[in-house]
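Student: Protein sequence lines, in the order shown, are assigned to chains E and Z. The first sequence stops at residue 475 when you use our numbering, and every number in between is there. The second sequence stops at residue 475 when you use our numbering, and every number in between is there. Using N, Cα and C, we set each Cβ at its ideal position, and we do this for glycine too. Nothing here was measured: the structure is a model prediction, and the numbers come from that model.
2 protein chains.
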Amino acid sequence: MEDKAQIQEAIKVQGEVVRKLKSEKASKEQIDEEVAKLLELKARLGGGDDGKHQFVLKTPKETLTGKYGEDSKLIYDLKDQGGELLSLRYDLTVPFARYLAMNKITNIKRYHIAKVYRRDNPAMTRGRYREFYQCDFDIAGQYDAMIPDAECLKIVHEILSELELGDFRIKVNDRRILDGMFAVCGVPDDKFRTICSTVDKLDKLPWQEVRKEMVDEKGLSEEAADQIGEYVSLHGGMDLAERLLQDPRMSQSKQACAGLSDIKLLFSYLQLFQVTDKVVFDLSLARGLDYYTGVIYEAVLTQAGVAPASNDAQNGSEESVSVGSVAGGGRYDGLVGMFDPKNRKVPCVGVSIGIERIFSIMEQRAEAAAEKVRTTEVQVLVASAQKNLLEERLRLVTELWNAGIKAEVMYKKNPKLLSQLQLCEETGIPLVAILGEQELKDGVVKLRVVASREEVDVSRSDLITEIKRRTSEA
Amino acid sequence: MEDKAQIQEAIKVQGEVVRKLKSEKASKEQIDEEVAKLLELKARLGGGDDGKHQFVLKTPKETLTGKYGEDSKLIYDLKDQGGELLSLRYDLTVPFARYLAMNKITNIKRYHIAKVYRRDNPAMTRGRYREFYQCDFDIAGQYDAMIPDAECLKIVHEILSELELGDFRIKVNDRRILDGMFAVCGVPDDKFRTICSTVDKLDKLPWQEVRKEMVDEKGLSEEAADQIGEYVSLHGGMDLAERLLQDPRMSQSKQACAGLSDIKLLFSYLQLFQVTDKVVFDLSLARGLDYYTGVIYEAVLTQAGVAPASNDAQNGSEESVSVGSVAGGGRYDGLVGMFDPKNRKVPCVGVSIGIERIFSIMEQRAEAAAEKVRTTEVQVLVASAQKNLLEERLRLVTELWNAGIKAEVMYKKNPKLLSQLQLCEETGIPLVAILGEQELKDGVVKLRVVASREEVDVSRSDLITEIKRRTSEA
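1) Below 8 Å, can you find three or more Cβ-Cβ pairs linking the region 159–170 of chain E to the region 373–385 of chain E?
2) Please list the terminal residues of the continuous alpha helix (DSSP H) segment that includes E/Leu166.
3) So Z/Ser511 and Z/Leu436 are in contact, right, with Cβ under 8 Å, and what is the actual spacing, rounded?
4) May I ask you to report which of helix, strand or coil DSSP gives Z/Gln143?
5) Show which residues of chain E have a CB atom less than 7 Å away from the CB atom of Z/Phe274.
6) Could you confirm whether any beta carbon from chain E is found closer than 9 Å to the beta carbon of Z/Trp208?
7) Given a cut-off of 9 Å on the beta-carbon distance, is the pair E/Val301 and E/Lys172 in contact?
8) Could you pull the start and end residues of the beta strand (DSSP E) that Z/Val379 belongs to?
9) Under 8 Å, CB to CB, which of the residues in the region 415–427 of chain Z have a partner in chain E?
10) Can you grab the Cα-Cα spacing for the pair E/Glu372 / Z/Lys265, in whole Å?
11) Tell me the DSSP secondary structure of Z/Ala371 in three-state form.
12) Mind pulling the chain Z residues with CB within less than 8 Å of E/Arg461?
13) What in chain E is Cβ-close to Z/Leu87, meaning under 8 Å?
14) Using 10 angstroms around the beta-carbon of E/Pro207, count the other beta-carbons present and answer buried if the total reaches 16, otherwise exposed.
15) Using a Cβ cut-off of 8 Å, pull out every chain Z residue sitting near E/Ile160, in sequence order please.
16) Could you round the C-beta distance between E/Leu89 and E/Tyr118 to whole angstroms and report it? I think they count as a contact, below 8 Å.
17) Taking its Cβ as the centre, do 16 or more other Cβ atoms sit within 10 Å of Z/Gln7, making it buried, or is it exposed?
18) Consider the Cβ of E/Gly429: report whether some Cβ of chain Z lies at a distance smaller than 9 Å.
19) State yes or no: is the beta carbon of E/Asn403 nearer than 9 Å to at least one beta carbon in chain Z?
20) In this structure, what does DSSP give as the bridge partners for E/Arg449?
21) Using a beta-carbon distance below 9 Å, is Z/Pro149 in contact with chain E?
22) Given E/Val1, which residues of its chain have a CB within under 6 Å of its CB, disregarding the five upstream and five downstream residues?
23) Would you decide whether Z/Thr303 is buried or exposed? Buried here means 16 or more other CB atoms lie within 10 Å of its CB.
24) Give the secondary structure of Z/Lys116 by DSSP, where H, G and I count as helix, E and B as strand, and everything else as coil.
25) Within the region 248–298 of chain Z, note down every full alpha helix (DSSP H) run reaching 4 residues or more, in order along the chain.
26) Excluding five sequence neighbours on each side, which residues of the same chain lie with their C-beta closer than 6 Å to the C-beta of E/Val296?
27) Per DSSP, what kind of secondary structure is Z/Ala408 in: helix, strand or coil?
28) Quick check on DSSP: helix, strand or coil for Z/Gly16?
29) If we ignore side chains and look at the alpha-carbon of each, how far apart do Z/Glu41 and Z/Met103 end up?
30) May I ask you to check if the CB of E/Gln228 is nearer than 8 Å to at least one heavy atom of the ligand FMN?
31) Against chain E, which members of the region 265–298 of chain Z pass a CB distance test of less than 7 Å?
32) Name, please, each residue of chain Z whose Cβ falls closer than 9 Å to the Cβ of E/Arg120.
33) Taking 9 Å as the threshold (beta carbon to beta carbon), is E/Phe56 in contact with chain Z?
34) Would you tell me roughly how many angstroms separate the C-alpha atoms of E/Gln247 and Z/Leu441, rounded to the nearest one?
35) Identify the contact partners of Z/Lys43 in chain E, using a Cβ-Cβ distance below 9 Å as the criterion.
36) Can you tell me whether DSSP reads Z/Lys155 as helix, strand or coil?
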């Protein structure tokens, strides 16, 4: 066995090398190379008894390196008391990919709701936080083209329809079409990613500003920028994919053609899934993250149905008033392989639902509609009409609990009947089981329906059945 | 308005003061005082437009200071890229208390499942991780004594009974009884907390080692230690509380008497809740956390019913083979006030369920019993008997999805019927809706029951009703 202390020292030094390169904004390739060395050292350290676990626990920072492109600056890097470098997870996709690789899972379909962290300027009013929930759905496995991809879009369509958030559009594009487009427009290879990040801003900035950034900041030629400008104004459906396959420039790119053929296939499945009313093939959709390899998509809520769908005119993008992206995702076939020592690939496609943004929209709607939201699942309050009946209330609530009924008592020795009834009105508890001295003598309980104020005496032995009958009706 | 830059500078300096005191292990009071100054400075900075949010966002480290006693060393302190000091949450109780104070909530009952972090040595085999889930249930509000406390114990009893984890005991004690006991045994005031932490080790160490730590490490007199030793060997039920109220030494302490009276009251409610079979009043239960003010409890699983309950002999603690604590909690009436600028108190009682430990026990049991766990909720697989029926499968699965049925197709153009049936067997999908050329011609679907292999032709128009009928039966 190697000398652990020696390796640990080497890991420390190598860690510094990686940090230095990153602070100097070295190239991704260079950083990746040094990170690989670091991982190799850690794996060697892991030769001991508890090695595998150590390895898994100590890589949160390295795990996230080189996956997010220009968004990497928003990763929360942290140093703990021992000087160990950590990061908080930026999204659920990279941890999912790592999980598949570590557990050698080659196919799975699952959803996951959990928190992610971005070191961004928080803006509460716009629902942008440093810590927030995401909900991800992913399908991993080697399958026939575009079938799981279409299911992801069906799911987004179903969620946004069921939640009644108003009209929406799902924009679809393909990383290969973007790359092919950049190639035929004359963007140098090493500028693909950075130009892609700029295109990604088209949902917030007008074309003129995006063009300016491409030319002035990123040094792209004016001709290339203008050619890109023509393409990214296009949107439509399967017909647009067909037209672009015939486009003299675009058809020069093998990559673009592969992407366009898949978009055609995707739309044929989307037709069967009955969701083409909301899906648009939109060449301006870029999504900045490095890990996408194929189809990409993003769902936006639109105001009062003014956004053009794939069936509408193809130059109507100015009419579309986006109120923000609420879901996005795509295909990432290379990510799992990056975590596998033998680079075994597991193709994946998935979607992140912006549940906090959706929740805040639903909250606003409920407020605007002045809807009364029921704040409890409790079905019955066990109440008393006179003093000194706490023990009787506790006895009865125990009976109800043991029968699986959601019941509650007020935590007071001698609460007033009125305040017990008020509690039900306020929180929406539908039934009250009232005990009084007379009821106890007669072996009954007075069952009161809060909404109608109707009261009926129910014999103690029938109470559970009666409550179950009444609550299952509701 | 004050000069922001100036205040920010003062905050930096004050932050350093706090960090220095902590690194020097200064007294809790001294640290609290300096933290208060820091908070005050931050509040002043918060005079601006976005101030309140800044305040809330930047206090995660200060929030946790001085709440956990000797366990504080396990808090994950972190510094981000900007040098800001953060901490990961150690439990769900302190964040809950802060939430109540910040939102001025004076009564609430809720549960919460989320991750917490401990900078401890991980031990996978014993289910001890640095990041793990907790599930907390808490009742906050000014109520009559011991009613919500008893409900918390009822809930722990219900959870552990329903999950069928084997026999268990819930140990109960009261912080006031412990403090009173320390006082009458001659423990100096300033040693209460540290001696309490040592008593807390009695579930892992024999009395002799605990005594040694008290005397040799913590400088307690041998007489005091021996007197404590007598008390902490006691356990029983309401009768023990009554006996101790008559105890010549214990009855000297007002605090102890208040605690003992409440234990009596608690047991009277627990009798009504029908849970005294599993609850033991145990004077050795300490729980190290600083924030408890009244009743405390801890649930442990025991092997094959060898642990003594309150009704059994009171000196049988050696027989009890604990397989680890799975839930714990207590009353913390002062914690919310610590986060309120005006120190307004909200009494709280709650319990943390160790869901990861429980889950790993359930997993082991399922493995031992070789139970087949159904890994999917899917009710129907839409399958095809011949080639070239992908479109028909997608059409049918869309119909089923739109009707709210949990359905799936294999993501293959031309899967073999056998592999589709195997998928159902493996994952536990109970029904298969099979399409073939003949079925399409006849307007039917062949519905196959996986378990019995029974097959029946169902007309397309009746299919949804038929599937719903069959799946609601199951």
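Tutor: Looking at the coordinates:
1) no
2) Segment: none, E/Leu166 is in no alpha helix (DSSP H) and carries neither H nor E.
3) Here chain Z covers residues 2 to 475 and nothing more, so residue 511 of chain Z does not appear.
4) coil
5) Leu395 and Thr399
6) no
7) Yes, the pair counts as a contact, with Cβ atoms nearer than the cut-off.
8) Looking at the DSSP string, Z/Val379 is not in any beta strand (DSSP E), and its letter there is neither H nor E.
9) Result list empty, no residue passes.
10) 46 Å
11) coil
12) Result: empty, since nearest Cβ-Cβ is about 16 Å, beyond 8 Å.
13) Leu79
14) exposed
15) Those do not exist, as E/Ile160 stays about 12 Å from chain Z at its closest Cβ, beyond 8 Å.
16) 4 Å
17) exposed
18) no
19) yes
20) E/Val433 and E/Glu456
21) yes
22) What the structure shows of chain E is the stretch from 2 to 475, and residue 1 of chain E is not part of that stretch, so it cannot be assessed.
23) buried
24) strand
25) Scanning the region 248–298 of chain Z from its first residue to its last, the whole alpha helix (DSSP H) runs of 4-plus residues come out as 255–273.
26) Asp150, Asp175, Gly331 and Arg332
27) Assignment of Z/Ala408 by DSSP, reduced to helix, strand and coil, places it in the strand class.
28) helix
29) 15 Å
30) Judged by which ligands are present, the structure shown has none, so any question about the ligand FMN falls away.
31) Within the region 265–298 of chain Z, the residues whose Cβ lies closer than 7 Å to some Cβ of chain E are Tyr270, Leu273, Phe274 and Gln275, listed in chain order.
32) Asp81, Gln82 and Gly83
33) Residue placement at E/Phe56 is poorly supported in this model, since its pLDDT is 34, which falls under 50; the coordinates still yield a value, given next. Not closer than 9 Å to any Cβ of chain Z, the Cβ of E/Phe56 fails to qualify, so no.
34) Whole-angstrom Cα-Cα distance: 37 Å.
35) Near Z/Lys43 there are no residues of chain E at all, since even the closest Cβ is about 16 Å away, more than 9 Å.
36) helix
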